[in-house]
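Since the structure comes first, as structure tokens, the remarks are kept for the end.
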Amino acid sequence: MKGALGVGTPLLPVPLMALVLPPQTAIVMMAMPVVAANVWQMCRAPRADRLTGRFWPAFAALLAGLWVGVGILTRIDEKGLMAVVGAAVIVFALVHGSGHKLSIPARLEKPAGLGFGFTAGVIGGVCSFFGPMLIIYLISLTDLRKEQFIGAIGFLYAGAVIPWAILLYYHGIMDNKLLLYSTAAVLPVALGMAAGTALRRFVSERRFRHLILAALVCSGGVILARAWA
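Just so we're aligned, residue 0 is where the sequence shown starts under numbering that gives the first Met the number 0, counting upward by one.
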């Protein structure tokens, strides 16, 4: 899923691992694979230097939002926020798929990146879901082709998960044993990404956008399920 669409970790494996592992352990186990997958994805993107120049406002806003989100974590109703975010993500995906698309013109791309990046950082800092707001932002840029989308989401997501993984280790949430297991989990993720990347060339631009919307619906469902758990 990650190789074909550029998204999917930790959306798919965390709920599956949480069936047999404590939820926190399942999340921590994906730390190193998520970092490796997004850095690899960003580095393989065509003209990665252009992506950096184009999306730096969203990147900076994402880091600022992450700091704010972690700071307010103890002062808000986490489950209430997740319920609102999950429902909003599903509604957006369904509306976008129906033909009533949100389109961000070129002149508003950077201001919109500030807003979506900051929102993604706040939500991610509170409940670890960075992806949905970033996906909504990028899929609303009408000139972004699938290879550019994959490079951009890798660049932005790496900016969130690298400090997140460092904080997990710094605060002792990921100890040396879990770090070893998480590092070993990079191998199957890498194999899956290689297979997904090979399949992506058979996916048209139109089908790619439909699959991204389906991934958004799944993401919203996972967030709602976590809110109700």
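Idealized CB from N, CA, C, for every residue including glycine.
Query raised in the report: Can you tell me where the alpha helix (DSSP H) with Asp48 in it begins and where it stops?
Result: Ala47 to Ile71 is the extent of the alpha helix (DSSP H) around Asp48.
**Report entry** Among Cys126, Trp39, Asp142 and Met132, nearest to Gly114 - alpha-carbon criterion
**Finding:** Of the listed residues, the one whose Cα sits closest to Gly114 is Met132.
Query raised in the report: Helix, strand or coil for His170 per DSSP?
Result: Assignment of His170 by DSSP, reduced to helix, strand and coil, places it in the coil class.
Report task. Check whether the Cβ atoms of Ile152 and Leu137 lie closer than 8 angstroms to each other. Result -> In this structure, Leu137 lies closer than 8 angstroms to Ile152 by Cβ.
**Report entry** Range covered by the alpha helix (DSSP H) that runs through Leu186
**Finding:** Bounds of the alpha helix (DSSP H) holding Leu186 are Val185 to Arg199.
Report task. Starting from the Cα of Asn37, find the closest Cα among Leu167, Leu20, Met173 and Gly158 and give me that residue. Result -> With distances taken between Cα atoms, Asn37 lies closest to Gly158.
Query raised in the report: Three or more C-beta pairs closer than 8 angstroms, one from the stretch 180 to 192 and one from the stretch 81 to 90: is that the case here?
Result: Short answer: they don't touch.
Query raised in the report: Hey, is Ser97's beta-carbon within less than 8 angstroms of any beta-carbon in chain E?
Result: Here chain E cannot be found, since the structure has a single protein chain.
Query raised in the report: Are there three or more Cβ pairs, one per stretch, closer than 8 angstroms when the stretch 9 to 20 is compared with the stretch 164 to 172?
Result: Cβ pair count under 8 angstroms is below three, so no.
Query raised in the report: Are the beta-carbon atoms belonging to Ala30 and Ala17 less than 8 angstroms from one another?
Result: Not a contact, by the Cβ cut-off of 8 angstroms.
Requested in this report: Identify whether Ser218 lies in helix, strand or coil by the three-state DSSP scheme.
Outcome: If DSSP states are grouped into helix, strand and coil, Ser218 belongs with the helices.
Report task. Evaluate the contact criterion for the stretch 140 to 149 versus the stretch 42 to 49: three or more CB pairs, one atom per stretch, below 8 angstroms. Result -> Yes, they touch.
Query raised in the report: Anyone know if the C-beta pair for Ile89 and Gly219 falls short of 8 angstroms?
Result: Yes, Cβ-Cβ distance for Ile89 and Gly219 is below 8 angstroms.
Query raised in the report: Buried or exposed: which applies to Ile71, given that a residue is buried once 16 or more other Cβ atoms fall within 10 Å of its Cβ?
Result: Exposed.
**Report entry** As assigned by DSSP and simplified to three states, the class of Ser97
**Finding:** The answer is coil: DSSP assigns Ser97 none of H, G, I, E or B.
**Report entry** CB-CB length for Gly191 against Gly2, believed under 8 angstroms
**Finding:** Yes, they are in contact, since the Cβ atoms of Gly191 and Gly2 sit about 6 angstroms apart, within 8 angstroms.
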